[in-house]
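Protein chains in written order, with this note's numbering: chain G, 1 to 276; chain A, 277 to 436. Presented below is the structure to which this report refers.
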Amino acid sequence: MSNNISRIKINLFIIIFSVTQSCHAQELFSLTEPASNRAAGSIGFRIDNTIMDERNSSRTNYHLIPEVMIGISKKLTVNGSLFFSNRSNAFRGEGGSIYAKYRFLSNDAVQRHFRMAAYGRVSVNNSDIHQEEIDLNGHNTGAEFGLVATKLIQKVAISSTASFVKATDNVNSNKFIYGTTNSKAVNYTLSFGKLMLPTAYSNYRQTNINCMVEILNQVNTGSGKYYMDMAPSIQMIFNSQSRIDVGYRKELASNMIRTAPNGFFIRLEYNFFNVF
Amino acid sequence: MKKLFLFAALVASITLNAQVTKVQLKASGLTCSMCSNAINKALKTLDFVENINADIKTYTFDISFKANSKVDFDKIKKKVEGAGFSITSFTAFVNFNHLVVKNMESVVIDDQSLVFVTTDERLLNGVMAVQLLDKGFVSKKEYKKTNLPALLPGTYHVNI
């Protein structure tokens, strides 16, 4: 009997140990991706929740975005996600997205690296267009192409992205109502991450705590309208197996129509290594 | 026939004269335990690997091998790179049994050829640390210093 229990314990330990987190904790940002890729042959599952405060109403917009992430090779990562939200009163599926990132530069040294990657995203969404902001992560149908550079030095990571985004009409005959000239924008971001705990590593099962701050900007190339958001977050990684990010996104400045720019986000993530 | 026999005897003598007992590699481009674990787990999938002893603080991995298995340095390198990182130093601990090596002359150990550079003719005996010098087995900075030409797969420049 006790033998069986110990065997179960060992099995559980193996299962838990085989589910781990890759990459560098301090550059696993909540709202942008670093230039580093997932480990080749790994698969990750993520659930993003955003709880945004809708402007000029008492409503809360809840978006649920499950995502699967596949490390195709050391240089290529492909993610697929689905969009659900309650914005149209009923909670329903609104579309999906495919994201791919190709790392083309990697300069590694002991406890530091500089990496660059190119990425692209194609999204489909069936909800009504309700804001000038172009957001391919749960609001607009369209495509995005960009570059990301990430520098990691000891416990600090700094990352920046710049991308060009083009929105088209949403499906379900939901037109992009702001005109073709206003359907393009440039996104640029700056992210900082710092590993707070542990101060020194002793084993793979220590809890990691990271603090992050991200600055997210968009400028519409047609109208010239912009927004600037700040998103501080705290990330915890338990047993090197499960990751939780909790943060708050806050609009700092904007002159474009936005429905719900402020709110909380919670990310849950699990990774499986050496799957294929 | 006599020649063939002589050749067979020669090959046998070479394989018996040295054996890789352990590899110690240091990875770069990482700063956290999770990255280290990604490498650890990737290395564990190699069929010739017996055990890995990871030092998280120094990003160093001591790899021991299964008995009678063929150790493949390239496969080890590919696993580290697949996990998203680079090797900054790669040392193979080889048990030599009275083997004479000469500069730029290759020695076959476990189906892999080692080309000794900057080595005067010497007799190797006992366990010795052999440093790999090829691209991907040292840091980019180090590699630029030597700029050794790429060899056939399974052949490596080494220093002792």
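Where a beta carbon is used, it is the ideal one built from N, C-alpha and C, also for glycine.
Contact belief for residue i with residue j at Cβ below 8 Å, rounded distance in angstroms
{"i": "D108 (chain G)", "j": "S304 (chain A)", "result": "4 Å"}
{"i": "T50 (chain G)", "j": "F238 (chain G)", "result": "Not confirmed; about 22 Å, so no contact."}
{"i": "N61 (chain G)", "j": "E67 (chain G)", "result": "With 8 Å as the limit, N61 (chain G) and E67 (chain G) do not qualify as a contact, their Cβ atoms being about 19 Å apart."}
{"i": "V384 (chain A)", "j": "V377 (chain A)", "result": "About 12 Å separates the two Cβ atoms, so there is no contact after all."}
{"i": "A231 (chain G)", "j": "L31 (chain G)", "result": "5 Å"}
{"i": "P34 (chain G)", "j": "S173 (chain G)", "result": "Incorrect: roughly 38 Å between the Cβ atoms, too far for contact."}
{"i": "E326 (chain A)", "j": "S340 (chain A)", "result": "5 Å"}
{"i": "V219 (chain G)", "j": "F192 (chain G)", "result": "About 21 Å; that fails the 8 Å criterion."}
{"i": "Y99 (chain G)", "j": "R121 (chain G)", "result": "5 Å"}
{"i": "F114 (chain G)", "j": "F145 (chain G)", "result": "Contact flag wrong, Cβ pair sits at about 21 Å."}
Euclidean distance between Cα positions of residue i and residue j
{"i": "L105 (chain G)", "j": "T161 (chain G)", "result": "15 Å"}
{"i": "S351 (chain A)", "j": "N137 (chain G)", "result": "It is Lys, not Ser, that sits at residue 351 (chain A) in the sequence shown. Computed Cα separation, rounded: 38 Å."}
{"i": "T422 (chain A)", "j": "R243 (chain G)", "result": "42 Å"}
{"i": "F337 (chain A)", "j": "V296 (chain A)", "result": "16 Å"}
{"i": "T207 (chain G)", "j": "L268 (chain G)", "result": "15 Å"}
{"i": "V347 (chain A)", "j": "F324 (chain A)", "result": "6 Å"}
{"i": "N316 (chain A)", "j": "G412 (chain A)", "result": "18 Å"}
{"i": "G301 (chain G)", "j": "H63 (chain G)", "result": "Because chain G in this structure spans residues 1 to 276, residue 301 (chain G) falls outside the shown range and cannot be described."}
{"i": "T221 (chain G)", "j": "K184 (chain G)", "result": "6 Å"}
{"i": "L409 (chain A)", "j": "V124 (chain G)", "result": "50 Å"}
{"i": "N271 (chain G)", "j": "G96 (chain G)", "result": "21 Å"}
{"i": "F276 (chain G)", "j": "S233 (chain G)", "result": "32 Å"}
{"i": "I72 (chain G)", "j": "V78 (chain G)", "result": "7 Å"}
{"i": "V391 (chain A)", "j": "T141 (chain G)", "result": "57 Å"}
{"i": "A260 (chain G)", "j": "Y248 (chain G)", "result": "13 Å"}
{"i": "I16 (chain G)", "j": "I47 (chain G)", "result": "Bear in mind that the predicted position of I16 (chain G) carries a pLDDT of just 37, short of 50, making it unreliable; the figure below should be weighed with that in mind. Roughly 19 Å between the two C-alpha positions."}
{"i": "E397 (chain A)", "j": "A318 (chain A)", "result": "38 Å"}
{"i": "R282 (chain G)", "j": "N56 (chain G)", "result": "Beyond the ends of chain G as shown, which are 1 and 276, falls residue 282 (chain G); an answer cannot be given."}
{"i": "N344 (chain A)", "j": "L147 (chain G)", "result": "47 Å"}
{"i": "H433 (chain A)", "j": "E418 (chain A)", "result": "13 Å"}
{"i": "K354 (chain A)", "j": "S42 (chain G)", "result": "15 Å"}
{"i": "C211 (chain G)", "j": "F84 (chain G)", "result": "28 Å"}
{"i": "A117 (chain G)", "j": "T321 (chain A)", "result": "27 Å"}
{"i": "Y226 (chain G)", "j": "N274 (chain G)", "result": "42 Å"}
{"i": "D229 (chain G)", "j": "A253 (chain G)", "result": "7 Å"}
{"i": "H374 (chain A)", "j": "K416 (chain A)", "result": "34 Å"}
{"i": "A284 (chain A)", "j": "Y335 (chain A)", "result": "Because the pLDDT at A284 (chain A) is just 45, under 50, the model does not fix this residue reliably, and the point stays unresolved."}
{"i": "G430 (chain A)", "j": "D386 (chain A)", "result": "10 Å"}
{"i": "M380 (chain A)", "j": "V403 (chain A)", "result": "21 Å"}
{"i": "S362 (chain A)", "j": "K298 (chain A)", "result": "19 Å"}
{"i": "D245 (chain G)", "j": "S389 (chain A)", "result": "49 Å"}
{"i": "A294 (chain A)", "j": "I436 (chain A)", "result": "14 Å"}
{"i": "K250 (chain G)", "j": "I257 (chain G)", "result": "15 Å"}
{"i": "M69 (chain G)", "j": "V393 (chain A)", "result": "44 Å"}
{"i": "S36 (chain G)", "j": "G224 (chain G)", "result": "32 Å"}
{"i": "A40 (chain G)", "j": "A314 (chain A)", "result": "10 Å"}
{"i": "I328 (chain A)", "j": "Q300 (chain A)", "result": "10 Å"}
{"i": "T367 (chain A)", "j": "A405 (chain A)", "result": "6 Å"}
{"i": "G360 (chain A)", "j": "E133 (chain G)", "result": "35 Å"}
{"i": "Q131 (chain G)", "j": "S88 (chain G)", "result": "14 Å"}
Per DSSP, cross-strand counterpart(s) of residue i
{"i": "V299 (chain A)", "result": "A:I339 and A:A368"}
{"i": "V253 (chain A)", "result": "This structure does not reach residue 253 (chain A), given that chain A is present from 277 up to 436, and the question cannot be answered."}
{"i": "C211 (chain G)", "result": "G:K194 and G:I234"}
{"i": "A318 (chain A)", "result": "DSSP lists no partner for A318 (chain A)."}
{"i": "Y270 (chain G)", "result": "G:F45 and G:S242"}
{"i": "S254 (chain G)", "result": "G:Y227"}
{"i": "K411 (chain A)", "result": "A:V414"}
{"i": "V391 (chain A)", "result": "A:S382 and A:H433"}
{"i": "N187 (chain G)", "result": "G:S163 and G:Q218"}
{"i": "H374 (chain A)", "result": "DSSP, once it has assigned bridges, lists no residue as partnering H374 (chain A)."}
{"i": "I61 (chain G)", "result": "For the record, residue 61 (chain G) in the displayed sequence is Asn; it is not Ile. Answer is G:M52."}
{"i": "R249 (chain G)", "result": "G:G263"}
{"i": "V406 (chain A)", "result": "A:A368"}
Practice task
Please list the segments of the beta strand (DSSP E) lying wholly inside the region 96-170 of chain G, counting only runs of 3 or more residues, in order along the chain.
Solution key: If we require 3 residues or more, the beta strand (DSSP E) runs fully inside the region 96-170 of chain G come out as 112-125, 141-153 and 156-168.
Handout entry: Touch test, the region 151-158 of chain G against the region 171-188 of chain G, Cβ-Cβ under 8 Å, three pairs minimum
Key = The region 151-158 of chain G is not in contact with the region 171-188 of chain G.
Exercise for the section: Say whether the region 165-181 of chain G touches the region 194-203 of chain G, bearing in mind that this needs 3 or more beta-carbon pairs closer than 8 Å, one atom from each stretch. Expected result: With the cut-off at 8 Å, the region 165-181 of chain G and the region 194-203 of chain G do not touch.
Exercise for the section: Could you tell me whether the region 192-199 of chain G touches the region 165-173 of chain G, using the rule of 3 or more Cβ pairs below 8 Å? Expected result: These segments do not touch.
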